[in-house]
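Structure first, then comments.
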Amino acid sequence: MTTSGVNAVEVEDLHSRFGSHVIHEDINLSVKRGEVLGLVGSSGSGKTVLLRQMLGLEMPSQGSVRIFGQSVHKSDRSELQQIRNRCGVLFQKGALFSALSVFDNIALPMRELHTLNETMVRDLVMLKLEMVEIGSQHANKMPAELSGGMIKRIALARAMALNPELLFLDEPTSGLDPVLSEGFVNLIQALRRELTLTIVMATHDLDTLAALSDRVAVLADQRLLALGNLQEVMSTKHPFITKFFLGDRGKKALGSNGYIL
Amino acid sequence: MFSVSIKASSIPMSEREPIQSSMQISRTTGQGGEACLLLTGSCTLSALGRRMGDLSDELASYASDPNLHWDLTKIDQMDDVGAVLLWRSWGGSRPEYLSIRPDQERLFSRLGKAPPLPSLPAREPLWIAVRIGGGAILLWEHLTSIVILAGQLLLDMKYLIAHPARIPWREISANLFRTGAQALGITALVGFLIGVVLSYLSSKQLQMFGADIFIINILGMSIIRELGPMLAAILVAGRSGSSMTAQLGVMRVNEELDALTVMGIPHSLRLVLPKVIGLGIAMPLVVMWTSAIALMGGMVVAELQLGLSYQFFLHNLPDAVPLANLWLGLSKGVVCGMIIALIACHFGLRIKSDTESLGIGTTNSVVTAITVVIIIDAIFAVIFSDVGIR
Numbered sequence: 000m001t002t003s004g005v006n007a008v009e010v011e012d013l014h015s016r017f018g019s020h021v022i023h024e025d026i027n028l029s030v031k032r033g034e035v036l037g038l039v040g041s042s043g044s045g046k047t048v049l050l051r052q053m054l055g056l057e058m059p060s061q062g063s064v065r066i067f068g069q070s071v072h073k074s075d076r077s078e079l080q081q082i083r084n085r086c087g088v089l090f091q092k093g094a095l096f097s098a099l100s101v102f103d104n105i106a107l108p109m110r111e112l113h114t115l116n117e118t119m120v121r122d123l124v125m126l127k128l129e130m131v132e133i134g135s136q137h138a139n140k141m142p143a144e145l146s147g148g149m150i151k152r153i154a155l156a157r158a159m160a161l162n163p164e165l166l167f168l169d170e171p172t173s174g175l176d177p178v179l180s181e182g183f184v185n186l187i188q189a190l191r192r193e194l195t196l197t198i199v200m201a202t203h204d205l206d207t208l209a210a211l212s213d214r215v216a217v218l219a220d221q222r223l224l225a226l227g228n229l230q231e232v233m234s235t236k237h238p239f240i241t242k243f244f245l246g247d248r249g250k251k252a253l254g255s256n257g258y259i260l
Numbered sequence: 000m001f002s003v004s005i006k007a008s009s010i011p012m013s014e015r016e017p018i019q020s021s022m023q024i025s026r027t028t029g030q031g032g033e034a035c036l037l038l039t040g041s042c043t044l045s046a047l048g049r050r051m052g053d054l055s056d057e058l059a060s061y062a063s064d065p066n067l068h069w070d071l072t073k074i075d076q077m078d079d080v081g082a083v084l085l086w087r088s089w090g091g092s093r094p095e096y097l098s099i100r101p102d103q104e105r106l107f108s109r110l111g112k113a114p115p116l117p118s119l120p121a122r123e124p125l126w127i128a129v130r131i132g133g134g135a136i137l138l139w140e141h142l143t144s145i146v147i148l149a150g151q152l153l154l155d156m157k158y159l160i161a162h163p164a165r166i167p168w169r170e171i172s173a174n175l176f177r178t179g180a181q182a183l184g185i186t187a188l189v190g191f192l193i194g195v196v197l198s199y200l201s202s203k204q205l206q207m208f209g210a211d212i213f214i215i216n217i218l219g220m221s222i223i224r225e226l227g228p229m230l231a232a233i234l235v236a237g238r239s240g241s242s243m244t245a246q247l248g249v250m251r252v253n254e255e256l257d258a259l260t261v262m263g264i265p266h267s268l269r270l271v272l273p274k275v276i277g278l279g280i281a282m283p284l285v286v287m288w289t290s291a292i293a294l295m296g297g298m299v300v301a302e303l304q305l306g307l308s309y310q311f312f313l314h315n316l317p318d319a320v321p322l323a324n325l326w327l328g329l330s331k332g333v334v335c336g337m338i339i340a341l342i343a344c345h346f347g348l349r350i351k352s353d354t355e356s357l358g359i360g361t362t363n364s365v366v367t368a369i370t371v372v373i374i375i376d377a378i379f380a381v382i383f384s385d386v387g388i389r
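Heads up: the protein sequence lines correspond to chains A and B, in order. Mapping of the first sequence onto numbering that gives the first Met the number 0: position 160 corresponds to residue 159, and the numbering continues sequentially without gaps. Mapping of the second sequence onto numbering that gives the first Met the number 0: position 358 corresponds to residue 357, and the numbering continues sequentially without gaps.
Below you can see the structure in the form of structure tokens.
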């Protein structure tokens, strides 16, 4: 069994800086297949940058990112395309194509494969919409006509269009009300029950973090402070961790999720 | 829970990495002697890949036999793509004899329940009339809202005269720099080349009649009165008009316009007025610059082709071209500049918060601005037909 068989994502000796501003220093991190990794950090700690580097949207100054054993930054076009077809991404604001209807947004990645005929695409899109609990009457609407929660769910449906093995979620519940964000968490849990999903999730929301993640990675002071399950991470002594998990807000959220503090 | 345990036991995670064996179809005979179709392997999007089209035909041909027993229980993995493939080849309903696992059952029952895509409303029978009428109404809307915007600007000016401290100097000067100073390079290049071309062609013709000296009249009149202002206006409409529209459009998409509104800062005063005034000041200067460079280009060729010296050219220019033409060119510049900015802002403020409308709005703005500039030129030509011409 090679290491690439176990790990969906591997980050090695990653350094990033913008000019003289250092964002990451020597980050080592791996995400096992089938697990949910929560990425936590204060604003400006480089969560989004790390996520973008995993997606191959940004180049680290040093170090490598491998997805399914393939380097994201050094692979050629067809290898990269294969990796990309196995990944789904939910961007923070949804990033739905505003010129396309809801239906066409979800159909786009399927049509790009050129192997599915139009009847199948139609059935599949309706299935995905049902999966995220969006009624069929919304299928022909444009993204500008939708509410924030619907955009998030449709963006998730688009991210799931090709049944990815690896899903990246950037702030999946930000901008949703507590009821909606709980629904979103339930939705992702249901998807995990049905499909073998690996999820990398950057979030600020402790409820989401406690409910979904198997392991948590904490980014602060340009480094990876802690990596492990929630209990292990919370026992790390660092001012940021104490403030983030053990403040009033953290106690409330984690207490209600059954964590003993 | 059941489906998870099946997956976990039948396919260890580490073995998902190698290419999964794609679906195999084999005909067998069941215990009761009935015809069976046994499906094995993986029935997922990644495993089926390019075989999708062939498989769907093959399955459809099997599905035409209603007495066939379908056995899906030996399929390792099936996702919704596989389910849809089978579902479609069955013609949208389950075959009579079908054995499936509970996790597959869930997929198919969901497929059976999935609502059809609502159809788009059909085209109106009178769609030509609707299209033409809609176009006319849109044109009327544009006209009225441009007039309203222009009126609002007048009111703003009145307000600013009463409250001079509120004049947005910084914005005006920024616009002056962006639309004027930064446009000097491109207008000079185009102006010079047009001057060269015009002078070259005219000098060839004039030489035939021995009327070399009239090159000064031709270049002077055409460039100062017509070409300079028009070239500058068209270049600026394309360059600054589009950027103004796009800027306002992005501000709309980003909700920056709404942010200004809730701060009580009117769009017309802070965004539109500085652009209109800025371009109204910059444009005549750009016109003068373009005309001067175009004349220079013409002068160089006149010297090379006809041997007219620069001193001679410049000395005779004021006699050939009455001063009124210069004023006419400059006033065209002022009017065109203000109109270009007004049109650009009008289209910019109409942009809705999606990318498509941003593109359409910018195109419409530039096309309209260039058309209107040429219409203004024609109006000037008619009104001032006997001014500045001897």
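Where a beta carbon is used, it is the ideal one built from N, C-alpha and C, also for glycine. Computed from a prediction, not measured in an experiment: that's the story for all the values here.
For this session: Determine the contact status of Leu49(A) and His20(A), defining contact as a CB-CB distance below 8 Å.
Result: Contact: no.
Problem set entry | Supposed contact pair Leu161(A) and Asn84(A) - C-beta distance, whole angstroms, cut 8 Å | Contact flag correct, Cβ pair sits at about 6 Å.
Problem set entry | Nonlocal neighbours in the same chain, by C-beta distance under 6 Å from Met337(B), ignoring five residues either side | Answer for Met337(B): Val275 and Gly279, listed in chain order.
For this session: Have a look at Leu119(B) and Glu231(A) and give me their C-alpha separation to the nearest angstrom.
Result: About 54 Å.
Exercise. To which residues does DSSP link Gly277(B) through a beta bridge?
Worked result: Paired residue(s): none; Gly277(B) is not in a bridge.
Problem set entry | C-alpha distance - Ala173(B) paired with Gln246(B), whole-angstrom precision | Cα-Cα distance, rounded: 14 Å.
Exercise. CA-CA distance, Val71(A) and Leu196(A)?
Worked result: Across the structure, Val71(A) and Leu196(A) are spaced so that their CA atoms are roughly 20 Å apart.
Exercise. Counting pairs of Cβ atoms below 8 Å between the segment 218–232 of chain B and the segment 106–116 of chain B, do you hit three or more?
Worked result: Under the 8 Å Cβ criterion, the segment 218–232 of chain B does not count as touching the segment 106–116 of chain B, having fewer than three qualifying pairs.
Problem set entry | Residue ranges of each alpha helix (DSSP H) within the segment 91–159 of chain A, 4 or longer | Runs found: 101–111, 117–130 and 147–158.
Exercise. Closest Cβ-Cβ distance between Trp288(B) and chain A: below 8 Å?
Worked result: Judged by the 8 Å Cβ criterion, Trp288(B) is not in contact with chain A.
Exercise. Hey, is Glu104(B)'s beta-carbon within less than 8 Å of any beta-carbon in chain A?
Worked result: Chain A, which has no Cβ nearer than 8 Å to the Cβ of Glu104(B), makes this no.
Exercise. Are three or more beta carbon pairs between the segment 321–338 of chain B and the segment 254–264 of chain B nearer than 8 Å?
Worked result: In the pairwise beta carbon analysis, the segment 321–338 of chain B is classified as not touching the segment 254–264 of chain B: fewer than three pairs are separated by under 8 Å.
For this session: Answer yes or no: the CB of Thr39(B) versus the heavy atoms of the ligand GTP, is any distance below 7 Å?
Result: Of ligands this structure carries none, so the ligand GTP is not represented either.
Exercise. Nearest CA to the CA of Ala187(B): which residue from Ser308(B), Gly52(B), Asp78(B) and Gly297(B)?
Worked result: Checking every option, the nearest Cα to that of Ala187(B) belongs to Gly297(B).
Exercise. Any Cβ of chain D within less than 8 Å of the Cβ of Phe102(A)?
Worked result: Given the protein chain composition of this structure (A and B), no chain D is represented.
Problem set entry | Contact with chain A by Met77(B), beta-carbon distance below 8 Å | Answer no: the Cβ-Cβ gap between Met77(B) and chain A never drops below 8 Å.
Exercise. How about the segment 101–111 of chain B and the segment 131–139 of chain B: do they share at least three Cβ pairs that are nearer than 8 Å?
Worked result: No, the segment 101–111 of chain B does not touch the segment 131–139 of chain B.
Problem set entry | Residue range of the beta strand (DSSP E) that includes Lys278(A) | No answer is possible for residue 278(A): the residues shown for chain A start at 0 and end at 260.
For this session: Spell out the partners DSSP gives His14(A) in its beta bridges.
Result: Looking at the DSSP output, His14(A) sits in a beta bridge with Gln61(A).
Problem set entry | Secondary structure of Met207(B), DSSP reduced to three states | In this structure, Met207(B) counts as helix in the three-state DSSP scheme.
For this session: Compute the distance between the beta-carbons of Ala219(A) and His203(A), then report whether it is under 8 Å.
Result: No; because the gap between Cβ atoms is not below 8 Å, this pair is not in contact.
Problem set entry | Boundaries (first-last residue) of the alpha helix (DSSP H) holding Ala121(B) | Premise fails: Ala121(B) is in no alpha helix (DSSP H) and is neither H nor E.
Problem set entry | Minimum Cβ-Cβ distance from Val366(B) to chain A less than 8 Å | Output row for Val366(B): interface = no.
Problem set entry | Below-8 Å beta-carbon distance, Gly194(B) vs any chain A residue | Not an interface residue.
Exercise. Nearest chain B C-beta to Met125(A) closer than 8 Å, yes or no?
Worked result: Chain B contact via Cβ: present.
Problem set entry | CB of Thr28(B) within 8 Å of CB of Ala34(B), strictly | Result yes, Cβ atoms of Thr28(B) and Ala34(B) sit closer than 8 Å.
For this session: Would you identify the three-state DSSP class for His68(B), choosing helix, strand or coil?
Result: Three-state DSSP puts His68(B) in a strand.
Problem set entry | Completely contained alpha helix (DSSP H) runs for the segment 251–275 of chain B, where each covers 4 or more residues | DSSP runs (the alpha helix (DSSP H)) wholly in the segment 251–275 of chain B: 255–261.
Problem set entry | Nearest to Thr178(B) (by Cα), restricted to the options Gly277(B), Met220(B), Pro94(B) and Ile222(B) | Among Gly277(B), Met220(B), Pro94(B) and Ile222(B), the Cα nearest to that of Thr178(B) belongs to Gly277(B).
Exercise. Hey, Met220(B) and Asn324(B): beta-carbon distance below 8 Å or not?
Worked result: Going by C-beta atoms, Met220(B) is nearer than 8 Å to Asn324(B).
Problem set entry | DSSP state of Asp169(A) mapped onto helix, strand, coil | DSSP places Asp169(A) in strand when its eight states are reduced to three.
For this session: Find out if the Cβ-Cβ distance for the pair Trp69(B), Leu36(B) is shorter than 8 Å.
Result: It is a contact, given that the beta carbons lie within the stated cut-off.
Exercise. Are the CB atoms of Lys151(A) and Leu175(A) nearer to each other than 8 Å?
Worked result: At a Cβ-Cβ threshold of 8 Å, Lys151(A) and Leu175(A) count as neighbours.
Problem set entry | Straight-line Cα distance separating Asn66(B) from Ala82(B) | One alpha carbon belongs to Ala82(B), the other to Asn66(B), and they sit about 21 Å apart.
Problem set entry | Near-chain A residues of the segment 242–259 of chain B (beta-carbon distance less than 8 Å), N- to C-terminal order | Within the segment 242–259 of chain B, no residue has a Cβ that lies closer than 8 Å to any Cβ of chain A.
Problem set entry | Terminal residues of the alpha helix (DSSP H) in which Gln81(A) lies | Arg76 to Asn84 is the span of the alpha helix (DSSP H), which, as asked, contains Gln81(A).
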